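**Q** Numbering of the sequence shown is given in our numbering, commencing with residue 484 and proceeding in unit increments. C-beta atoms are modelled at their ideal positions from N, C-alpha and C, and glycine is treated no differently. Keep in mind that this is a model prediction, so the values were computed, not measured. Before we start, here is the structure in question, set down as structure tokens.
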Amino acid sequence: MDPESLFATGASLDSDGDGVANADDNCIVTASPGQADLNGNGFGDACEPASAATDLSATTSASPSTAQVGSNLTLTLTVTNGGTSPEGQVFLSQVLPDGVTFVSVTSSQGSCQRNGSAVGCDLGALGASASLTVTVVLQPLRIGSITTSVEATGSLVDINDANNTADLSITVIPWVLRSKRVHPWRATVGPPRWTSVQVRCPPGAPIPPSQRGHR
Numbered sequence: 484m485d486p487e488s489l490f491a492t493g494a495s496l497d498s499d500g501d502g503v504a505n506a507d508d509n510c511i512v513t514a515s516p517g518q519a520d521l522n523g524n525g526f527g528d529a530c531e532p533a534s535a536a537t538d539l540s541a542t543t544s545a546s547p548s549t550a551q552v553g554s555n556l557t558l559t560l561t562v563t564n565g566g567t568s569p570e571g572q573v574f575l576s577q578v579l580p581d582g583v584t585f586v587s588v589t590s591s592q593g594s595c596q597r598n599g600s601a602v603g604c605d606l607g608a609l610g611a612s613a614s615l616t617v618t619v620v621l622q623p624l625r626i627g628s629i630t631t632s633v634e635a636t637g638s639l640v641d642i643n644d645a646n647n648t649a650d651l652s653i654t655v656i657p658w659v660l661r662s663k664r665v666h667p668w669r670a671t672v673g674p675p676r677w678t679s680v681q682v683r684c685p686p687g688a689p690i691p692p693s694q695r696g697h698r
């Protein structure tokens, strides 16, 4: 067989029987009729080498761990790439809890914005074994429990998408109950006496002027 005929015969082979000839197949040993290749590296998603795997994970934490009505609550959202290859594009979404006032959102890279009851982030590339953070500040409006959920996604195939989401529940309590002695009052007979009031207010805040006075 002449070289040209041999080449034509080899090029027309379809080893995995997916309808795509070996010469054009990005995954010769595993059927991949759609030829999906999300990261564009020439290896089909069906046979992406293990050395080119990404593993995004999302976690979230709150400070303080128990929130107070009307006080700032800081949520730290962390995305980590536990895979062996860089992730080309990382996206993070957060569903905001009900019963809160949105204050701000910042990220260690990329950009984020609030859209109604959600926060969306386009965070750019993330290297292997690297992490990035998004900080969201809220103010709870009522006592009880609030819940937020986050999800990290990327442009490449993720070898473990079970850890891409995280939920966090936070308990919200009233303002703390504080006591303070206020201005003295004088009885008709005897030395000046002091009285005290109890008000609910944020930690470190002074007693509101309306709560001061004489009896």
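Secondary structure at Asn646, three-state DSSP: helix, strand or coil?
**A** As a working mapping, residue 646 is identified with position 163 in the sequence shown. Helix at Asn646.
**Q** Taking Val570 as the reference, which of Asn598, Gly637 and Leu579 has the closest Cα?
**A** Walking along the sequence shown from the start, residue 570 turns up at place 87. Looking at the sequence itself, residue 570 is Glu, so the reference to Val does not match. Comparing Cα-Cα distances from Glu570 to each of Asn598, Gly637 and Leu579, the minimum goes to Gly637.
**Q** Decide if the segment 511-525 is in contact with the segment 542-557; the criterion is three or more beta carbon pairs, one per stretch, under 8 angstroms apart.
**A** Judged by Cβ distances under 8 angstroms, the segment 511-525 makes no contact with the segment 542-557, as fewer than three pairs qualify.
**Q** Just list the residues that DSSP pairs Ile656 with in beta bridges.
**A** By 1-based counting over the sequence shown, the position of residue 656 is 173. Beta-bridge pairing links Ile656 to Gln551.
**Q** So, under 8 angstroms CB-CB, Thr513 and Asp499 are touching, yes? Tell me the CB distance rounded to an integer number of Å.
**A** Taking the first residue of the sequence shown as 1, we reach residue 513 at position 30. Taking the first residue of the sequence shown as 1, we reach residue 499 at position 16. Between Asp499 and Thr513 the Cβ distance is about 6 angstroms, and since that is below 8 angstroms, they are a contact.
**Q** Exposed or buried, what is Phe623 when buried is set at 16 or more other beta-carbons lying within 10 Å of its beta-carbon?
**A** As a first step, residue 623 is located in the sequence shown; it is residue number 140 there, counting from the start. Reading off the sequence, residue 623 comes out as Pro, not Phe. Label assigned to Pro623: buried.
**Q** Please state whether the Cβ-Cβ distance between Thr654 and Val633 is less than 8 angstroms.
**A** Along the sequence shown, read from residue 1 onward, the residue named residue 654 stands at position 171. Along the sequence shown, read from residue 1 onward, the residue named residue 633 stands at position 150. The answer is no: Cβ separation not under 8 angstroms.
**Q** Whose CA, out of Ser568, Gly582, Asp508 and Ser590, lies closest to the CA of Val640?
**A** Counting from one through the sequence shown, the residue named residue 640 turns up at place 157. The candidate whose alpha carbon is nearest that of Val640 is Ser568.
**Q** Thinking Gly607 and Gly593 are a contact (beta carbons under 8 angstroms), I'd like their distance in whole angstroms, please.
**A** Counted from its first residue, the sequence shown places residue 607 at position 124. Counted from its first residue, the sequence shown places residue 593 at position 110. Going by Cβ atoms, the distance from Gly607 to Gly593 rounds to 5 angstroms, so yes, they are a contact pair.
**Q** Applying the criterion that 16 or more other CB atoms from any shown protein chain within 10 Å of the CB defines a buried residue, is Asp508 buried or exposed?
**A** Mapped onto the sequence shown, residue 508 falls at position 25. Asp508 is buried by the Cβ-count criterion.
**Q** Can you check which of these residues, Ser587, Val617 and Pro516, is closest to Ser576 by C-alpha distance?
**A** By 1-based counting over the sequence shown, the position of residue 576 is 93. The shortest C-alpha separation from Ser576 is found at Val617.
**Q** In whole angstroms, give me the CA-to-CA distance for Thr589 and Thr537.
**A** Walking along the sequence shown from the start, residue 589 turns up at place 106. Walking along the sequence shown from the start, residue 537 turns up at place 54. Their Cα atoms are separated by approximately 25 angstroms.
**Q** Is it right to say Leu521 is buried, meaning 16 or more other beta carbons lie within 10 angstroms of its own, or is it exposed?
**A** Locating residue 521 in the sequence shown gives position 38, where the first residue counts as 1. Exposed.
**Q** Just mark Ala541 as buried or exposed, buried being the case when its beta carbon has 16 or more other beta carbons within 10 Å.
**A** To locate residue 541, count along the sequence shown from 1; it is residue 58. The residue is buried, with at least 16 neighbouring Cβ atoms inside 10 Å.
**Q** Considering only DSSP beta bridges, list what Gln596 is partnered with.
**A** What you label residue 596 is simply residue 113 of the sequence shown in a count that begins at 1. Bridge partners of Gln596: Gly603.
**Q** So, is Val583 buried or exposed, given that buried needs 16 or more other C-beta atoms within 10 angstroms?
**A** For this step, residue 583 is matched to residue 100 along the sequence shown. Answer is buried; the Cβ neighbour count reaches 16.
**Q** Any heavy atom of the ligand ZN closer than 7 angstroms to the CB of Gly525?
**A** Among the components of this structure there are no ligands whatsoever, and the ligand ZN is therefore not found.
**Q** Are Ser600 and Val620 close, meaning C-beta to C-beta below 8 angstroms?
**A** As a first step, residue 600 is located in the sequence shown; it is residue number 117 there, counting from the start. As a first step, residue 620 is located in the sequence shown; it is residue number 137 there, counting from the start. No, they are not a contact pair.
**Q** Closer than 6 angstroms by C-beta to Ala550: which residues in its own chain qualify, once you throw out the five before and the five after it? Chain order, please.
**A** For the purposes of this step, residue 550 is identified with residue 67 of the sequence shown, where counting begins at 1. Same-chain partners within the cutoff: Leu556, Pro623, Ile653 and Val655.
**Q** If you follow the beta strand (DSSP E) that Asn564 is part of, which residue opens it and which one closes it?
**A** Reading the sequence shown from its first residue, position 81 is the one you call residue 564. That run of the beta strand (DSSP E) goes Leu556 to Asn564.
**Q** One question on the structure: do Val573 and Ala635 come within less than 8 angstroms of each other, judged by their Cβ atoms?
**A** Position 90 of the sequence shown, counting from 1, holds the residue named residue 573. Position 152 of the sequence shown, counting from 1, holds the residue named residue 635. Closer than 8 angstroms, so yes.
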